[in-house]
Every structure is written in C-alpha cells, then in structure tokens.
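Colleague: Counting in the numbering used here, the sequence shown runs without a single skipped number right up to 1782 at its last residue. Ideal Cβ positions, reconstructed from N, Cα and C, are used throughout, including at glycine. Source: prediction; values computed, not measured. My structure is below; once you've seen it, I'll send some questions.
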Amino acid sequence: MAETMTPLRKTALNAVHRAAKSKMVDFGGWDMPVDCCGLIAEHLAVRTAVGVFDVSHMGDIQLRGPGSLAAAQHLCMNDASKLAVGQAHYSAMLYPNGTFVDDVVVHKLSDNDYLIVINAGTREKDVQWVRQTIGHMPGVHVNDFSDYYTQLAIQGPRAAETLQKLTSTDLSAIKNYWFTWGQVCGLHNVMIARTGYTGEDGFEIYIPSDEPTSARVWGEVLEAGAEFGILACGLGARNTLRLEAGMALYGHEISDTINVLEAGLGRYAKLDKPEFVGREALLKVQAEGGPGRKLVGLEMIERGIGRDGYTVFSVEGMRLGEITSGSPSPFLKKNIAMAYVPVEYTALDTEVAVEIRGQMVKAKVVPLPFYKRAKKSA
C-alpha cells in the first residue's frame, strides 16, 4: 500500500508568495518562501532599511483565567510576575531535565490573560506539552489560537516609518518588547508588538487570517515601505539575520538534548522563582560546577564556510563538537557560525578547526552576538 504524504500547511499569504514567484520550501510542515527577492538583497534591506516577513506559521497559545499567572510561572522559566500589562519577554518551556521544549515569547495581555508565541516546527508538540503540563491547574483555560491570525514582521531601521503610515497609533510610544492594540490598515484591535527575530528594530502585527485581509495588508505594507526600498523577505534572510544577531533556533542551538545553561540563556531562567519545570535540574548543573560545554561564536580565519552539522576539532585534531548554524554573513562580509565546544575551548580568540570537505579549516572563537545594532542617539 502506497504511503500517503501529509500535505504542507499553507498560510493565508501562500497564494501571494507563489504569484510573486517566491522560492518555496517545506519548513516544519509548512509551505513557506525561502526567498522572495534574493537572500542577500533581503538581508541587507532589513539591516539598512526595511523588510517584511510572513511569519504566520508561528503558534499562539493563550492562557486565560485567574490561574493564568500561576500556570505561566510553572510552565516557563522567566518570571512572568515581573511583566506589566502590555509587556512581553523572552522565555522557554523546559523539560524536567532542563532541556528545551521550545523557546517562546510571553505577552501579558491582562492580569488574567497571557499569550505565548511558539515556534512553527514544534507547534503541535508545544500545544500538547502545555495542555499536559498545566491543563490540570485550577483557574486557567488553554486555547490554541494559532490559525486565527496572520502574523507579519516589519523589520529594520525604517520599520517604524513604514508601519506608522498605516496606523494612527503612536509607534514611538511602544518600547522594545512592549505591545499595544490599535487600528492598522483599517482593521480594529490589531496587536502591534515591538518584537522580532532579526537583531533590528521592528514590529510584529497580528491580523485576521482570512486570505483577502492578509493579502490586502501585505500589499499595503509593501506600498508604505516602497520609498524606503522595502523588500518581501523569506526564511533564508530570517535565518542569516538571526545568526548574525546570535539568536537561537530550535533544532540547532536549542533542543531537547541541550540545556539552558549550555545554550548561554541562563539569564532568562529565573532560578530564584520558587518553582518551574526544569528548575531543579538547572540548579543541579550549577551545583556541580556548571555545564561541560557551551555555545560559542566562530569566525573563519581561513577560507571556507562552516555549515550546520560540520565537525569542530581542536588544532591538535581532537573532536570538540559540531556547528549548529553557519553561513556567510551578508552584512559583516565574514563566514560565521555557532557551535558547542567544551568549556576549556570557549575563551575568546581560541583557535579551532572546522572540517570542510575533508580539509581542516581554521576558525577562532569570537563574542556573541556577531552583530549588534547601534543604539539611537538621544
């Protein structure tokens, strides 16, 4: 009997991407554009001006009710009690051994209402984990609203000017990792968040997921940004942008085999909270002297590109680990990568070797992130 393949899921903008002849790929079971106008052009547009991404494949889980804060605190490693209404923060859901279910962004909609934005490739697993972990807790309703919204990310130094043309909401009043509700493109009660995954300033907007509305807003964003050279961007540029910014990607820098302290994300794990899933395991790692390996940034010294999965060796030839993400950097004009290596090889400027097509190519340990945007002068 022939095996039937599960059809790829489509966002409301799928027809728009195909009509624009974007190169489409399977990403976590979704039919998504890997590039729309060319990866390098898209990457540079976001670094120097503005780009727009369809990130509707991301998931949205809402916790609502008087027990929602307690549920968020048990479920996620950051301290949601510190959030004000209209504020968001980076966090993660962990397994009891301190490894990652997924990294997430938690938004406080009200005292009894939290929105957790999850990754696309782990969506079904995440929803199941949330229901399993907090579904029994009193006073909280868990809802998966992932398919209710089209999520657009408008990113880059001209992102605010672009989006401001489409809303009466004063975007300058929204601080980084805060959000509000406003009218966008004539749509009421649109969530406007100053968040993103590119290392640049930018916004993510949540609009109704029907195809006509999504296509209209996508077109209006492109029109509003035309004077700044806006480009529609795909997953390829999103990946190189987040790599330059040293941001983790599930299945690469973080996974169910990597713990928070190894990943260098311990600052988001609030171990002084009374309790959350994974806390005891992280305390145990700390008590035993810390992790034996850590994530580092690598810059190739010799000619060669360290790609995902390539093996990293000491200069003496001992296997240290492997590259989790690696690529040429379109903006920095260097070949960069992230990799897990033993802690004794994590000092800056430590030389290592990456095996590329059977050849040992030298690299050195450099600080993360590779790229950090300049702060605006007052």
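Taking only runs of the alpha helix (DSSP H) that begin and end inside the region 1662–1702, which ones reach a length of at least 4 residues, in chain order?
Modeller: Runs of the alpha helix (DSSP H) lying entirely within the region 1662–1702, each at least 4 residues long, are 1683–1691 in chain order.
Colleague: With a threshold of 8 Å on Cβ separation, who are the neighbours of residue 1406 within its own chain once the five nearest residues in sequence on each side are excluded?
Modeller: With a pLDDT of 44 at residue 1406, under the threshold of 50, the modelled position of this residue cannot be trusted; read the value that follows with caution. Hits under 8 Å: none found.
Colleague: Counting pairs of Cβ atoms below 8 Å between the region 1569–1588 and the region 1612–1620, do you hit three or more?
Modeller: Touching, no.
Colleague: Under the three-state reduction of DSSP, which class applies to residue 1740: helix, strand or coil?
Modeller: strand
Colleague: Would residue 1579 be called buried (16 or more neighbouring beta carbons within 10 Å of its own) or exposed?
Modeller: exposed
Colleague: Under 8 Å, with one C-beta from each stretch per pair, do the region 1691–1705 and the region 1764–1779 reach the 3-pair mark?
Modeller: Touching, per the Cβ criterion.
Colleague: Using the C-alpha atoms, what's the distance from residue 1520 back to residue 1780?
Modeller: 29 Å
Colleague: Mind checking which residues open and close the alpha helix (DSSP H) that includes residue 1623?
Modeller: 1615–1628
Colleague: Indicate the three-state DSSP secondary structure (helix, strand or coil) for residue 1447 in the structure shown.
Modeller: helix
Colleague: Taking 9 Å as the threshold (C-beta atoms), are residue 1503 and residue 1458 in contact?
Modeller: no
Colleague: The alpha helix (DSSP H) spanning residue 1421 covers which residue range?
Modeller: 1418–1423
Colleague: Return the CA-CA distance between residue 1720 and residue 1757, expressed in angstroms with no decimal places.
Modeller: 9 Å
Colleague: Using only the alpha-carbon positions, how far apart do residue 1694 and residue 1662 sit?
Modeller: 13 Å
Colleague: Just the Cα atoms here: how many angstroms apart are residue 1755 and residue 1737?
Modeller: Residue 1755 and residue 1737 have their C-alpha atoms some 20 Å from each other.
Colleague: Express the C-alpha separation of residue 1652 and residue 1422 in angstroms, rounding to a whole number.
Modeller: 29 Å
Colleague: Sort out for me which residues DSSP pairs residue 1768 with in a bridge.
Modeller: 1703, 1755
Colleague: Give me the Cβ distance between residue 1582 and residue 1598, rounded to the nearest whole Å; I'm assuming they're in contact under 8 Å.
Modeller: Yes, residue 1582 and residue 1598 are in contact; Cβ-Cβ is about 6 Å, under 8 Å.
Colleague: Could you check if residue 1552 is buried or exposed, using at least 16 other CB atoms within 10 Å of its CB as the buried criterion?
Modeller: exposed
Colleague: For residue 1811 versus residue 1496, is the C-beta distance shorter than 9 Å?
Modeller: Coverage of the chain is limited to positions 1405 through 1782, which leaves residue 1811 absent and any answer about it impossible.
Colleague: State yes or no: is the C-beta of residue 1544 within less than 9 Å of the C-beta of residue 1470?
Modeller: yes
Colleague: Could you tell me whether the Cβ atoms of residue 1778 and residue 1482 are closer together than 9 Å?
Modeller: no
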